[in-house]
Amino acid sequence: MKITRLNNYFTDENTYLLTENGTGAVIDPGYKTEGILRAASDAGVTIKYVLLTHCHYDHMEFLEELREKTGAKLICGAQCSENIGNPDINLTLGGLGRAVSAKPAEIILSDGGEFDMDGMKIKCILTPGHTSCGVCYLAGGHVFTGDTLFLRNCGRWDLPTGNEEQLYKSIREKLYTLPDDTAVHPGHGNPSTIGYEKKFNMFVKA
C-alpha cells in the first residue's frame, strides 16, 4: 500500500490517498477535489472509496464533490453517517460560513469491522472522544487517527458530542494497545508512531 498525504494549508488538515493494485481510497477529503484527483491520476489509480474519521467540516469539506466526480462509495461509522447530515454537529456553518450536509454512507463499519480494498484489509476502530462518531482506520501497520491522536498531542473535546474521558480511554485502550512500530497518520500535523506517543505524549500518558 502506498500512502500520499495532501495537506490543506488553511486548516492544516491532512487528507490521505491510499493506493493498492490500481484502487484508491481517500481518507478525510478536506483537500480540494482537483488536487485529490491529480494525485490519483499521478498514481495511476481509480478512487473507489472515501473514508471519514469523523464528521467535522475540515475533514469532509469536499466530500460530496468528490463522490459526485468519482462515484466513490463513502465508508464510515453509523454515527458519523448520521452526523455529516447535521450542520449543527458537523460545524460547517461556523467553519465554512454556510450549512453543508452530506448524504449517508453506502458502507457502514462497526467497531472492529473490516473491508477489503483490492487485497488490503482496512479495519475500523471506534474511538469516541473528540466527537461521539470518531473512528480510526488500521491498514498494514498504519493507523489513521483523524483528530483523536496527534504527534505529542490529542484532539480537543469541547465541541459538540466531545467527551474528555472518552477521548483518553479511546487512546489508551484502542490505540496504545497497537504494536509500538505502528505508524500514526493524524488528521493534522506530522506523523508519529504508537511507541513514540506512549513515551512522549504529555497529554495522554500510557
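Per full-length UniProt numbering, the sequence shown starts with residue 1, numbered consecutively. No residue lacks a Cβ here, since even glycine has one placed at the ideal position from N, Cα and C.
### Task
Reducing DSSP to helix, strand and coil, say where Y137 ends up.
strand
### Task
Put Y196 into one of helix, strand or coil per three-state DSSP.
helix
### Task
Provide the residue span of the beta strand (DSSP E) that contains D69, from first to last.
The sequence as given places Lys at residue 69; Asp does not occur at that position. Taken as a continuous stretch (DSSP letters only), K69 belongs to no beta strand (DSSP E), being part of the alpha helix (DSSP H) at L63 to T70.
### Message
Taking its Cβ as the centre, do 16 or more other Cβ atoms sit within 10 Å of P104, making it buried, or is it exposed?
### Response
exposed
### Message
Measuring CB atoms only, is the stretch 149-162 touching the stretch 98-115, in the sense that at least three cross pairs come out at less than 8 Å?
### Response
no
### Assigned exposure category for Y137 - 16 Cβ within 10 Å defines buried
buried
### Query
Candidates K123, L52, S192 and F200: which alpha carbon is nearest T131's?
L52
### Task
Look at the alpha carbon of N7 and the alpha carbon of T33, and state the distance between them as a whole number of angstroms.
12 Å
### Task
Have a look at P160, R5, N201 and H188 and flag the residue whose alpha-carbon is nearest the alpha-carbon of I168.
Before going on, a small fix: residue 168 reads as Tyr here, not Ile. The shortest C-alpha separation from Y168 is found at N201.
### Query
Is S192 buried or exposed, if buried means 16 or more other CB atoms sit within 10 Å of its CB?
buried
### Task
Note down, in chain order, each residue of its chain lying with its Cβ closer than 7 Å to the Cβ of C55, except the 5 sequence neighbours on either side.
C80, N83, I84, I89, N90, T131 and C133
### Task
Give the DSSP bridge partners of K121, in chain order.
D116
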